[in-house]
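**Q** This is the structure I have questions about; it appears just below.
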Amino acid sequence: MKTILHVDLNNFYASVECMYDPSIRGLPVAVCGDVELRHGIVLAKNYAAKAAGVKTGYTIA
202 MKTILHVDLN NFYASVECMY DPSIRGLPVA VCGDVELRHG IVLAKNYAAK AAGVKTGYTI
262 A
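Quick look at the structure:
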């Protein structure tokens, strides 16, 4: 029997960035791809960024 496990780690990458840089805790944080290599999109965001209207997949300029 095959077992499939799906784990959704809410704002994981943004949370890790806040852990490594405590000065940005509580601020809106978004982790974005490189504009040239990853087409400049929001990959992850924290709850403060979500409250500010930032959505995963938004393009950045």
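Numbering (the working numbering) for the sequence shown: 202 to 262.
Positions of the beta carbon are idealized from the N, C-alpha and C atoms, including for glycine.
Less than 8 Å between the CB atoms is what I'm expecting for K256 and N212, so what's the real figure, rounded?
**A** 12 Å between Cβ atoms; not a contact.
**Q** Excluding five sequence neighbours on each side, which residues of the same chain lie with their C-beta closer than 8 Å to the C-beta of V232?
**A** Answer for V232: Y214, A215, E218, V243, L244, A245, K246, listed in chain order.
**Q** If we ignore side chains and look at the alpha-carbon of each, how far apart do D222 and M202 end up?
**A** The alpha-carbon atoms of D222 and M202 are separated by roughly 43 Å.
**Q** I'd like the ranges of any beta strand (DSSP E) spanning at least 3 consecutive residues and lying wholly in the segment 231-259.
**A** For the segment 231-259, whole beta strand (DSSP E) runs of length 3 or above, ordered along the chain, are 231-233, 243-246.
**Q** Just the Cα atoms here: how many angstroms apart are A253 and I205?
**A** In a straight line, the C-alpha of A253 is about 35 Å away from that of I205.
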